[in-house]
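Per the numbering used here, the sequence shown starts with residue 998, numbered consecutively. Following: one structure in structure tokens, then a few remarks.
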Amino acid sequence: MFRHRSIRLLPVLFVAACLLSAGWVALAAPTLQAASSRVTTLDSQLFEITVPQLESLYTAHAVTVTQVVGWYFARIDRYNPIYRAVQTTERRQAFAQAARMDQQLTSGSLPSWPERGWLWGVPIVTKANTSIAGQVTTDGWSGYMLPGHELVAPRDATIVARLRAAGAVFLGITNMPDFAASDTNRSSAFGRTGNAYDVRFSPGGSSGGTVTAVTSNYAVLGNGTDTGNSIRMPAATSAVVGYFPTRGLVSIAGIAPLDWLLDNTGPIARTVTDAAIALTAMTAANPTPQSDPLDPRTTDAPTKAQPGPYTRYLKPGALRGKRFGVPAFILQGSGIPFQGIPAAVPENIAAAEEKDAILPLRASTRKAFLAALDGLRAAGATIVFDDDLLSPAFARIVSRAGTMPYVAEGTNQFLSLFGPAQYHSIAAYHQATGQSIPDTVVNPTRLRTTEPPQQQMRVETDPAANANYFHPRQQALDLYNSTLDRYHLDGYVYPATQMPPPDETMPQSYARTGGISGTISEGPHSDTSWVNILGVPAIVLPGGFYPNGLPFGLEISTRRWHDGDLLGWGFAYEQITHHRRPPVLVEQGLLPDMP
């Protein structure tokens, strides 16, 4: 926890004071000046640094890993009391790893990059639902922090193991809302995270902690997870790149699920290049992406995915001649209820739920989106608008892919492999603690008041699974692909959110009617959960800024397994627009330590 703010020059000032008290004035001034100069040099070297740039500094022996790790921890200490992006730090482990790496640096035995590891010596952060051996996987929920009953991970999540193998240095664990079940970033485990561009505003959720850490230069990059928009929407609020891989390209084993049929994980970075490097590490692509026996949906990755490393696709001219369609249902605000609507729900109730999910595109966001499209056109792409291009009929089909009856299966599977010795199932947690895990990840059908609660089933054996999930999902995916074919499109482009980040110090307006609700923010919201249902890849890119200085994010999606192509288009857009502008952080502000 962060209870005291450290100042980077404090040790230097202490040494200077001691020298002055001994009368060594002549020596004290140069010592202080040299130390201050070194801090300034590190600031200029490391602020907004990319992975290739950092690896070049290591190769040239211009910095040590210990210096780099210390610089990032100094920023966390300085700014985290205000923004609260990082829940816990791993200082002892990070500095021990840095010392070992520095020995490699000085020994002269260090291989060249990337042979030494794509992320060798790169400081990163991980989201609080991602298992790290020996650390508490809070999942944002205080119930996994009960004294004596903490959810201490017995092993690393697959992506953590792969990031370690690539040489990454883990600095800390980022804040997230309970179970990743919110579009903003407040948790019972650690409180509220503020937007780095204005702490009063929402950074989005549920990867708001990681995006705030990365955009604020607390780390070079991090991982996010995404069940309905939770990598992509927060990335849009914070001028970073959020990458949602084809589901099955990256293993989700060891990540506490919100809804395992929709969950995904991917990199959050300040540049497309760094995101491509992180994805290469997460997939262990050398060059073929590797499957993971703990996540059966990765079985097809070695044969269907484009090969790595994903940096091979990053070419400035990648957008020339490409065509992208704008989904009409997003512009019209047709809503898709989160986790869909199972087949047993009558049509009249389903229609009412779809109506309740309507999410109009705010005028300011529409304007920002249209302006962001100019960058695609400047890079040589064509943008196609048509009222029949993924019309509201598409949204209705996607809405009937219901996953709620199968949520408990994912939670039990996670606890069986990554839970502590005390509890390896939902029932065992209750027996060990006397408390219940909330219905959010046990049986969310109980939380939807318009529908009768449904029994939790295993999707592999439920006779209704085809009608509930598999058939409507395939229908929607077929329509997604056939529309690409009919309009001769390479992908789709749309706003990553339907509105700007809200001010969480002000009464919020209802998303649909515009009236004042009087409640605190639970947004911003997006209309992009269909990406999770289909499992197609998507990328969010910095797309400009609103008049109040908050970022806007542009999202692009394409066919399954075309992740390399998608990263290439993102790179080409980034290189021609250069929209990213880092936030100016404050050390005092509104809402410090707000629960």
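C-beta: ideal position from N, C-alpha, C; glycine also.
Please state whether the Cβ-Cβ distance between residue i and residue j is less than 8 Å.
{"i": "A1150", "j": "S1128", "result": "yes"}
{"i": "S1213", "j": "N1182", "result": "no"}
{"i": "D1195", "j": "G1245", "result": "no"}
{"i": "L1291", "j": "T1155", "result": "yes"}
{"i": "A1302", "j": "P1286", "result": "yes"}
{"i": "R1267", "j": "V1211", "result": "yes"}
{"i": "L1168", "j": "F1070", "result": "yes"}
{"i": "Y1489", "j": "F1321", "result": "yes"}
{"i": "A1569", "j": "L1316", "result": "yes"}
{"i": "A1493", "j": "A1233", "result": "yes"}
{"i": "G1305", "j": "T1280", "result": "yes"}
{"i": "A1278", "j": "L1160", "result": "yes"}
{"i": "E1571", "j": "V1217", "result": "no"}
{"i": "G1337", "j": "G1407", "result": "no"}
Given a threshold of 16 other Cβ atoms within 10 Å of its Cβ, counted over all protein chains shown, does residue i qualify as buried or as exposed?
{"i": "S1109", "result": "exposed"}
{"i": "F1044", "result": "exposed"}
{"i": "Q1452", "result": "exposed"}
{"i": "N1465", "result": "buried"}
{"i": "Q1132", "result": "buried"}
{"i": "H1575", "result": "exposed"}
{"i": "V1119", "result": "buried"}
{"i": "F948", "result": "Outside the shown range of the chain (998 to 1592) lies residue 948, about which nothing can therefore be said."}
{"i": "V1581", "result": "exposed"}
{"i": "Q1094", "result": "buried"}
{"i": "Q1428", "result": "exposed"}
{"i": "E1351", "result": "buried"}
{"i": "T1362", "result": "buried"}
{"i": "D1482", "result": "exposed"}
May I ask which residues mark the beginning and end of the beta strand (DSSP E) holding residue i?
{"i": "T1085", "result": "V1083 to T1086"}
{"i": "G1169", "result": "V1166 to T1171"}
{"i": "F1568", "result": "Looking at the DSSP string, F1568 is not in any beta strand (DSSP E); the run it does join, the alpha helix (DSSP H), is D1560 to T1574."}
{"i": "P1539", "result": "A1535 to F1542"}
{"i": "Y1489", "result": "G1488 to P1492"}
{"i": "F1241", "result": "V1238 to F1241"}
{"i": "T1551", "result": "The residue asked about is misnamed: residue 1551 is Leu in this sequence, not Thr. Element bounds for L1551: P1548 to S1554."}
{"i": "G1205", "result": "Careful: G1205 lies outside any beta strand (DSSP E), inside the alpha helix (DSSP H) at G1205 to T1212."}
{"i": "F1326", "result": "It is not in any beta strand (DSSP E) - F1326 instead sits in the alpha helix (DSSP H) that spans A1325 to Q1329."}
Cα separation between residue i and residue j?
{"i": "D1353", "j": "D1500", "result": "23 Å"}
{"i": "Q1585", "j": "V1062", "result": "30 Å"}
{"i": "G1596", "j": "I1573", "result": "With the chain running from 998 to 1592 in the structure shown, residue 1596 is simply not present."}
{"i": "T1171", "j": "Q1084", "result": "5 Å"}
{"i": "W1138", "j": "T1123", "result": "16 Å"}
{"i": "L1311", "j": "E1552", "result": "17 Å"}
{"i": "F1326", "j": "W1558", "result": "24 Å"}
{"i": "L1276", "j": "G1221", "result": "12 Å"}
{"i": "F1176", "j": "H1058", "result": "42 Å"}
{"i": "L1412", "j": "T1103", "result": "43 Å"}
{"i": "G1416", "j": "V1247", "result": "21 Å"}
{"i": "D1560", "j": "P1049", "result": "21 Å"}
{"i": "T1446", "j": "G1225", "result": "20 Å"}
{"i": "D1271", "j": "N1261", "result": "19 Å"}
{"i": "A1449", "j": "S1331", "result": "First, the amino acid is wrong: residue 1449 is Pro here, not Ala. Rounded to whole angstroms, P1449 to S1331 spans 24 Å at the Cα level."}
{"i": "P1242", "j": "M1230", "result": "15 Å"}
{"i": "W1117", "j": "P1357", "result": "44 Å"}
{"i": "G1067", "j": "A1340", "result": "54 Å"}
{"i": "I1597", "j": "S1523", "result": "Nothing can be reported for residue 1597: it is not among the residues displayed for the chain, which extend from 998 to 1592."}
{"i": "L1051", "j": "D1099", "result": "14 Å"}
{"i": "E1087", "j": "A1130", "result": "12 Å"}
{"i": "D1136", "j": "V1208", "result": "16 Å"}
{"i": "D1475", "j": "S1199", "result": "36 Å"}
{"i": "A1347", "j": "M1496", "result": "25 Å"}
{"i": "A1178", "j": "T1300", "result": "33 Å"}
{"i": "Y1484", "j": "Y1240", "result": "25 Å"}
{"i": "P1174", "j": "T1056", "result": "39 Å"}
{"i": "Y1420", "j": "N1409", "result": "10 Å"}
Grab the span of the alpha helix (DSSP H) containing residue i for me, first residue to last.
{"i": "A1393", "result": "In the sequence on display, residue 1393 carries Arg and not Ala. Here the alpha helix (DSSP H) through R1393 covers P1389 to S1396."}
{"i": "N1409", "result": "V1404 to F1415"}
{"i": "T1234", "result": "R1229 to T1234"}
{"i": "T1056", "result": "V1048 to T1056"}
{"i": "T1280", "result": "V1269 to T1280"}
{"i": "I1079", "result": "V1062 to Y1080"}
{"i": "T1155", "result": "T1155 to A1162"}
{"i": "I1530", "result": "W1527 to L1531"}
Flag residue i as yes when its Cβ comes closer than 7 Å to any non-hydrogen atom of the ligand MG, and as no otherwise.
{"i": "Y1215", "result": "The ligand MG is not among the ligands present in this structure, which contains no ligands whatsoever."}
Discussion item. Give the list of continuous beta strand (DSSP E) stretches no shorter than 3 residues that lie fully inside the region 1425 to 1482.
Written reply: The beta strand (DSSP E) runs of length 3 or more contained entirely in the region 1425 to 1482 do not exist; there are none.
Fill in: Entirely enclosed alpha helix (DSSP H) segments - the region 1338 to 1386, minimum 4 residues
Whole alpha helix (DSSP H) segments, 4+ residues: 1344 to 1353 and 1360 to 1375.
Worksheet item: What are the start and end residues of each continuous beta strand (DSSP E) run of 3 or more residues lying completely inside the region 1106 to 1131, in chain order?
Response: Segments of the beta strand (DSSP E) lying fully in the region 1106 to 1131: 1120 to 1124.
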